[in-house]
Amino acid sequence: MEKLIIIGSGPAGLTAAIYAARAQLAPIVLEGGFLPTGDLMTPGGQLMITTEVENFPGFPEGVTGPDLVDKIRDQAKRFGSRHLDAPAEDVDFSGFPLRVKIEDEWVETATVIIATGANARWLGLPSEQKYMNRGVSACATCDGAFFKNVKLLVVGGGDSAMEEAVFLTRYASEVTLVHRREEFRASKIMSERAINHPKIKVLWNRSVAEVLGDDKRVTGARLSSTVGEPDLEVACGGIFVAIGHTPNTQIFDGHIRLRDDKYIDVVGQASTSAKGVFVAGDCADSRYRQAITAAGMGCMAALDAEKALDDYEAEGLL
Ligand code: NAP
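If you count by this note's numbering, then the sequence shown holds residues 503 to 820, one letter each, in order.
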């Protein structure tokens with residue numbers, strides 16, 4: 503029986519791995535991959551599609567998301583965490599030991615930390631699907647460089663939309679932020695950075711009703727009005743969707759308690775409704791969603807798992 507399986511390899515899962523490995527639990531880290539549903543649980547998580555991280559303590563010059571992930575992973579491996587390029591395919595939390603299905607095999611474990619993160623949300627338009635990777639993207643870092651000297655739209659009004667818009671000005675001739683209200687949700691500093699940028703325009707009270715294109719690529723968008731104005735067609739070479747995230751919790755539905763919005767219901771600090779199952783990061787946190795808060799919660803989950811293992815040992819279960 504394993505002592506601890508950590509599901510997920512973003513800052514939450516990998517920080518949990520550092521603490522658990524230093525406590526000599528030799529945790530297995532399921533880094534991610536394609537789930538049975540066809541969804542991708544990205545190894546490294548959302549930091550893999552993040553440009554500069556300027557607010558993670560200890561990096562005064564900033565660090566790229568992928569570099570930060572590599573550093574945290576190396577730190578965990580140094581103490582003996584074991585990493586598999588696989589997701590959890592199914593779980594059974596009905597009793598002791600817990601079970602996790604990995605590459606078609608059920609593996610028994612005393613404790614589990616869920617750190618599966620969240621994924622970018624899409625508008626849900628058929629035309630968005632049609633032009634996916636042909637001008638429609640949710641990742642400026644990954645795809646921005648393909649859009650040199652073209653006009654781009656960025657959809658959304660949160661920090662992500664601001665960050666993507668500013669980043670894309672490196673390549674685009676002009677960036678238009680399309681937001682469904684007349685006020686950004688983003689922090690003041692990020693909003694001002696975008697609004698004051700000479701290459702960024704803002705269209706308030708507009709939603710993308712249809713992505714327009716020819717037989718190859720995006721050529722524009724039809725924008726509906728949220729305040730009763732007529733539709734507006736704008737020309738652009740690409741559309742970046744930055745409208746928030748959905749937690750990766752589908753496989754846990756029915757096994758632990760989820761909230762109405764499908765984020766994992768946290769019991770106490772980092773526990774779940776199932777005994778021995780702990781949680782960390784964006785799959786449980788719809789509020790802060792920062793690399794540093796995910797890492798902090800990963801630490802808490804690992805310490806709680808360690809304590810649970812001590813209790814199991816005292817009870818003679820291990
Ligand atoms: P978010 O804060 O949830 O913002 C999502 C935005 O998309 C909102 O403006 C929302 O509009 C809009 N939206 C949602 N569904 C839509 C739809 N179907 N059609 C059109 N617009 C839609 O998400 P986020 O920007 O990804 O940020 C998530 C968290 O990460 C936040 O806590 C943020 O502070 C943090 N973050 C921080 C940084 C940084 O500090 N460097 C960078 C990125 C993200 P409404 O406003 O009308 O709801």
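From the three backbone atoms N, C-alpha and C, an ideal C-beta is built for every residue, glycine too.
- In this structure, G800 is the residue among G740, E808, G800 with its C-alpha nearest to the C-alpha of D784.
- Taking the Cα of I794 as reference, the smallest distance to any Cα among L625, L537, R524, E556 is reached at E556.
- A straight line joining the alpha-carbon of I697 with that of A688 spans about 11 Å.
- Of the other Cβ atoms in all chains shown, fewer than 16 fall within 10 Å of the Cβ of P538; this residue is therefore exposed.
- Among the bridge pairs identified by DSSP, V668 is matched with none.
- For the pair S583 and A528, the CB atoms are nearer than the 9 Å cut-off.
- Rounded to whole angstroms, the gap between the alpha carbons of G515 and K690 is 31 Å.
- L627: not part of any alpha helix (DSSP H); DSSP gives it neither H nor E.
- A distance of 9 Å or more separates the beta carbons of I520 and T611.
- Ordered along the chain, residues surrounding ligand 1 are G658, G659, G660, D661, S662, E665, R682, R683, R687, I745, G746, R791 [Cβ under 5 Å from any heavy atom].
- Between the region 616–628 and the region 769–783 there are three or more C-beta pairs closer than 8 Å, enough to call the two in contact.
- The region 658–672 makes contact with the region 636–648: 3 or more CB pairs, one atom from each, lie closer than 8 Å.
- In the displayed model, V571 falls within a helix according to three-state DSSP.
- Each of N651, Q548, D813 was checked against the Cα of N750, and the nearest Cα belongs to Q548.
- Contact between K653 and G564 is absent: CB atoms are separated by about 28 Å, not below the 8 Å threshold.
- L627 and D806 have their C-alpha atoms roughly 43 Å apart.
- The Cβ neighbour count for M543, taken over all protein chains shown within 10 Å, is at least 16; the residue is labelled buried.
- 9 Å or more divides the Cβ of S662 from the Cβ of G567.
- Nearest in C-alpha terms to V704, of all of L655, L506, A782, is L655.
- DSSP places D594 in the uninterrupted beta strand (DSSP E) bounded by 592–594.
- In this structure E808 is in contact with A522, their Cβ atoms being roughly 7 Å apart against a cut-off of 8 Å.
- Three or more beta-carbon pairs drawn from the region 678–687 and the region 704–716 are found closer than 8 Å, and the two stretches are therefore classed as touching.
- If you look at L734, you'll find it in the beta strand (DSSP E) that goes 734–737.
- In the same chain as L734, and ignoring 5 residues on each side of it, the C-beta atoms closer than 6 Å to its own belong to L725, in chain order.
- Boundaries of the beta strand (DSSP E) around L586: 584–586.
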